[in-house]
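J.:
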Amino acid sequence: MSRVFDDRPCALGEGPLWHPKRQQLFWFDVLGKRLMTRDGDGARDWQFDEYVSAAGWVDRETLLIASETGLWRFDLQSGTRDLVVALEAENQVTRSNDGRADPWGGFWIGTMGKQAEQGAGAIYRFYRGELRQLVPDVTISNAICFAPDRRCAYYTDTATSQVMRQPLEAESGWPEGEPHVFLDLRVDGLNPDGAVVDEDGNVWIAQWGANRVAAYSPLGTFLKAVRFGGRHTSCPGFGGPEFRDLYCTTARHGIDAKRLRTEPENGMTFVAEDVGRGRAEYQVIL
Numbered sequence: 049m050s051r052v053f054d055d056r057p058c059a060l061g062e063g064p065l066w067h068p069k070r071q072q073l074f075w076f077d078v079l080g081k082r083l084m085t086r087d088g089d090g091a092r093d094w095q096f097d098e099y100v101s102a103a104g105w106v107d108r109e110t111l112l113i114a115s116e117t118g119l120w121r122f123d124l125q126s127g128t129r130d131l132v133v134a135l136e137a138e139n140q141v142t143r144s145n146d147g148r149a150d151p152w153g154g155f156w157i158g159t160m161g162k163q164a165e166q167g168a169g170a171i172y173r174f175y176r177g178e179l180r181q182l183v184p185d186v187t188i189s190n191a192i193c194f195a196p197d198r199r200c201a202y203y204t205d206t207a208t209s210q211v212m213r214q215p216l217e218a219e220s221g222w223p224e225g226e227p228h229v230f231l232d233l234r235v236d237g238l239n240p241d242g243a244v245v246d247e248d249g250n251v252w253i254a255q256w257g258a259n260r261v262a263a264y265s266p267l268g269t270f271l272k273a274v275r276f277g278g279r280h281t282s283c284p285g286f287g288g289p290e291f292r293d294l295y296c297t298t299a300r301h302g303i304d305a306k307r308l309r310t311e312p313e314n315g316m317t318f319v320a321e322d323v324g325r326g327r328a329e330y331q332v333i334l
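What follows is the structure, encoded as structure tokens:
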């Protein structure tokens, strides 16, 4: 069973990141343009002047944050940020969306149209000072995560209902060869959103509109689903002292006012305790 971890409703919750050095969860309200957290003093947030959506940890006091215009080095103590690299900064149509650090210390980040314009976005990797586009013509970038054996990355264009598996070069982590379909959820009518991989290589995928995060084996076999209170589950992340707790953001976006009155938990951030064998998020190396 899941429970509410934080009751502040997000218009579009995204990007839960458990910081292993701080033992603290960070996440975003994309449409609210804020980074959120909880610590020993309670709830806290940082307000931005543009959309922010995903992060990786650099050190105890620093995050790499993706916004609609760039990747930023963000100081948690001062609340200041410095630009690392521009990301579609001249494109007024797009914003950042799903992203995650890879095992080599790189950072993958997807973009999408602010109104989900067809094919407006892309998926990029930032590594050793280089931002390289990997996947063009993406409508809703999501499910970026990595196998623990480093052999592949996963990603989706939610609009296709297919999750892709991309082989990776062993030394550098750049894509090697062509991607192929890992999961085809069209028959089930499911919409893959954010995803994370556990210690055993199982892929845990939030399914927008389905109140759940579903786990699939490395072969694509359905294993189980964990239900959450928010209808639009958007992104999962493992955390807790032993990485056995599964956190999940949700969204109010796209839910009518009548339903929100009867289901006020939509948009809140949840945790399901002791559901799997997660692992620490990889450190971003700048």
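With our numbering applied, the sequence shown covers 49 to 334.
Don't be surprised by glycine CBs; every beta carbon is placed ideally from N, CA and C.
Please read all numbers here as calculations on a predicted model, not as lab measurements.
Starting from T310 and walking both ways along the alpha helix (DSSP H), at which residues does that stretch end?
T.: From DSSP, the alpha helix (DSSP H) with T310 extends over A305 to T310.
J.: Okay, do the segment 224-243 and the segment 300-307 touch, 3+ Cβ pairs below 8 Å being the bar?
T.: The segment 224-243 is not in contact with the segment 300-307.
J.: According to DSSP, simplified to helix, strand and coil, what is A168?
T.: Reduced to three states, the DSSP call for A168 is coil.
J.: Taking Cβ to Cβ, would you say P196 is nearer than 8 Å to V244?
T.: Taking 8 Å as the Cβ cut-off, P196 and V244 do not qualify as a contacting pair.
J.: With 8 Å set as the bound, which would you pick, yes or no: does the beta-carbon of L112 sit closer than that to a beta-carbon of chain C?
T.: Structure shown: chain C not included; a single protein chain is present.
J.: Mind checking who Y175 pairs with in its DSSP beta bridge?
T.: Per DSSP, E178.
J.: Restricting to Cα atoms, I'd like to know which of R309, A201, G61 and Y264 is closest to F76.
T.: Here the closest residue by C-alpha is G61.
J.: If you follow the beta strand (DSSP E) that P64 is part of, which residue opens it and which one closes it?
T.: First-last of the beta strand (DSSP E) with P64: G61 to H67.
J.: Ignore the nearest five residues each way along the sequence and tell me which others in Y99's own chain have a CB closer than 8 Å to its CB.
T.: Within the same chain, Y99 has close Cβ partners V78, L79, K81, S115, E116, R143, S144 and K162.
J.: Closest to A328 by CA distance: which of F318, R292 and T310 is it?
T.: Taking only the C-alpha atoms, the option nearest A328 is R292.
J.: Using 8 Å for Cβ pairs, my map puts G326 next to E247. What's the rounded Cβ distance?
T.: Right, their Cβ atoms sit about 6 Å apart.
J.: For the 8 Å Cβ check, are there 3 or more pairs between the segment 49-60 and the segment 263-283?
T.: As far as the Cβ criterion goes, the segment 49-60 touches the segment 263-283, which means the pair count is three or higher.
J.: Do the segment 248-268 and the segment 165-176 make contact, defined as three or more Cβ pairs closer than 8 Å?
T.: Counting Cβ pairs under 8 Å, fewer than three are found: no touch.
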